[in-house]
Amino acid sequence: MTEKRAGKRNVCRRKKPASRKEVSKMAKKKTSGDIVFHICNYTLFLLFTLVCVYPFYYLIINTISSNELSANGQITLLPRELHLNNYAEVFRLNGLSAAFGISVARTVLGTAGTVMVSAFLGYMFTQKKMWKRKFWYRFLVITMYFNAGIIPMFITMKMLHLLNSFWVYVIPALVQPYNIILVKTYVESIPASMEEAAEIDGAGVLQRFVKVILPLCVPILATIAIFSAVGQWNAFNDTLMYVTDQKLYSLQYLLYTYLNQASSLARMIKSSGIANMTASLATQQTPSSIRMTVSVIVVLPILCIYPFFQRYFVKGIMIGAVKG
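Residue numbers 439 to 762, in the working numbering, belong to the letters of the sequence shown in order.
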């Protein structure tokens, strides 16, 4: 009996898992193939990162370098003859501060409204008690592929008294079918027992949505917020079609107009015989410097905001992806 017990103890001792130190030592032992793979992998991703970052870096260094050198293509890696005149000239535009305020307001309000509407409708489409749920869901999906066109949209906005109104930037963008589908798929991945427990406790539809579902949908809502914020910030077609009041011009539309005016001025200088009289103006502001400065002003706010939402962005896309 003692021998059997001793044998069992030895077997148990042999079956003990390896310690953390042993596991780390085993993990550190890499073959030459693993080392080559990691080197190639890191090199490839480093090159890909540089390819993605360099265009933004190129824009920035050209906006703070000499416009003459930039126009001749002599600024590639490092800035030369640093100055901030390009930004100073752009920010001197009449109505720029008001246009910046309009763009910020439409981005904040439009994003908040789109996120809340998408979250609520996406949740409601998961409720089997909803009246004609399948019909309304299919009707929503159809709108992703078919639309009335520009003229019917203009007539609709006119009938709704949204022309020359700030709310023309916010209300038409509230219902986004793709965002609603993302939220619906995400909510369906949440265990139904959580909502059933709240329903047993007497919580209504709104209470379950606000207290149970909404806190769990932060990743997908952050993803939708990025989509909506980028779309609102970069939009200028709605200003072009629905707004004629200069007080309601968005920043992108104003800068787009200024860019076209600068290009026209540059063409006029080249085609006319007054180049010597306006040489200083052409040296200070060139079409390329204006384009680059405008691009930096438009892109920089999104670049500053995106890192804070990046961790939610990947998780929300993976979990809330549309399943086939």
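Beta carbons are placed, not taken as given, at the ideal position from N, Cα and C, and that holds for glycine.
Residue environment, residue i, which counts as buried when at least 16 other CB atoms sit within 10 Å
i, result
"L488", "exposed"
"V681", "buried"
"R544", "buried"
"T594", "exposed"
"T661", "buried"
"Y492", "exposed"
"L686", "buried"
"L520", "exposed"
Close Cβ partners of residue i (< 7 Å) along its chain, the five nearest in sequence each way excluded
i, result
"A717", "Note that A717 scores a pLDDT of 41, beneath 50, so its modelled location is shaky; the value from the coordinates is reported in the next line. Once the five neighbours on either side are set aside, A717 has no close Cβ partner at all."
"D676", "V606, Y607"
"K626", "The amino acid occupying residue 626 in the given sequence is Glu; Lys does not appear at that position. Within the same chain, E626 has close Cβ partners T564."
"I498", "V734"
"L659", "V553, A557"
"L678", "Y691"
"K566", "none"
"M715", "For M715, the pLDDT reaches just 42, beneath the cut-off of 50, and the residue's location in the model is therefore unreliable, although a value from the coordinates is still provided. Around M715: no qualifying Cβ."
Cβ-based neighbour list, residue i, same chain, cut-off 8 Å, excluding 5 preceding and 5 following
i, result
"R518", "S503, S504, L507, Q512"
"A611", "G548, G551, T552, S666, G669, Q670"
"L485", "none"
Backbone CA spacing between residue i and residue j [nearest angstrom]
i, j, result
"N585", "V579", "12 Å"
"L522", "T501", "8 Å"
"Y480", "C490", "15 Å"
"Q670", "A663", "10 Å"
"V621", "V737", "27 Å"
"H476", "P657", "31 Å"
"L654", "L516", "46 Å"
"P615", "A557", "11 Å"
"D683", "S603", "9 Å"
"S631", "E637", "10 Å"
"L600", "R576", "28 Å"
"E633", "W569", "19 Å"
"L598", "I609", "11 Å"
"K596", "R729", "34 Å"
Contact under 7 Å by Cβ, residue i with residue j
i, j, result
"F665", "Y561", "no"
"A667", "T552", "no"
"A537", "L689", "yes"
"N524", "S726", "no"
"F674", "Y691", "yes"
"L693", "V650", "no"
"M724", "A509", "The sequence shown places Thr at residue 724, rather than the Met named in the question. Yes. Within cutoff."
Own chain partners of residue i with C-beta closer than 6 Å, once the 5 adjacent residues on each side are dropped
i, result
"S541", "S688, L689"
"G587", "none"
"V528", "T731"
"I628", "L654"
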